[in-house]
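K.L.:
In my numbering, the protein residues as written are 80 to 220.
Here it is as structure tokens:
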């Protein structure tokens, strides 16, 4: 089973953390359903070209958080995740990305008005693209 996880060797973030953050996002974002089997530690290490120790650490951390569970002799599976945890993760993830975008904008001396305009333009462009692809638009408030 291949997981959509990308590792950036040039990132200052440790490899285990990159993997853990992405796997946590797949679980809390609902892309990996409750009960879904995860690759074995060896398989995932091989798929991501990293050490078994790295994946073991990721799995231990996520198991300690209650996001995955391991059954001896059966494998590792996605645990049940409460809707509140999914919602909190969704908002925290978007807030983190917005914070990074604002920090970048400020480094380039971009003011609040320009940031609002750029955000509105990005939303308009994505909604237009989505409607052109027949997906409709999601206008959550």
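All C-beta atoms, glycine included, are put in the ideal place defined by N, C-alpha and C.
Let me confirm a value: residue 99 is counted as buried when at least 16 other C-beta atoms fall within 10 Å, else exposed. Which label applies?
P.N.:
Counting Cβ neighbours within 10 Å, residue 99 comes out buried, since at least 16 surround it.
K.L.:
Within the continuous alpha helix (DSSP H) that includes residue 106, where are the two ends?
P.N.:
Start and end: 94-107.
K.L.:
Which residues does DSSP list as the beta-bridge partners of residue 84?
P.N.:
According to DSSP, residue 84 bridges with nothing at all.
K.L.:
CB residue 105 to CB residue 169, shorter than 9 Å?
P.N.:
In this structure, residue 169 does not lie closer than 9 Å to residue 105 by Cβ.
K.L.:
Whole angstroms is fine: what's the gap from residue 200's alpha carbon to residue 151's?
P.N.:
Rounded to whole angstroms, residue 200 to residue 151 spans 51 Å at the Cα level.
K.L.:
Note down the Cα distance separating residue 121 from residue 80, rounded to an integer number of angstroms.
P.N.:
Answer to the nearest angstrom: the Cα atoms are 12 Å apart.
K.L.:
Any idea if residue 183 is buried or exposed, counting beta-carbon neighbours within 10 angstroms, 16 or more meaning buried?
P.N.:
It is exposed - the Cβ of residue 183 has fewer than 16 other Cβ atoms within 10 Å.
K.L.:
From what residue to what residue does the alpha helix (DSSP H) around residue 169 run?
P.N.:
Looking at the DSSP string, the run of the alpha helix (DSSP H) that includes residue 169 is 162-186.
K.L.:
Taking the alpha carbon of residue 85 as the point to measure from, which residue in 113, 129, 156, 112 has its own alpha carbon closest?
P.N.:
Per the Cα distances, 129.
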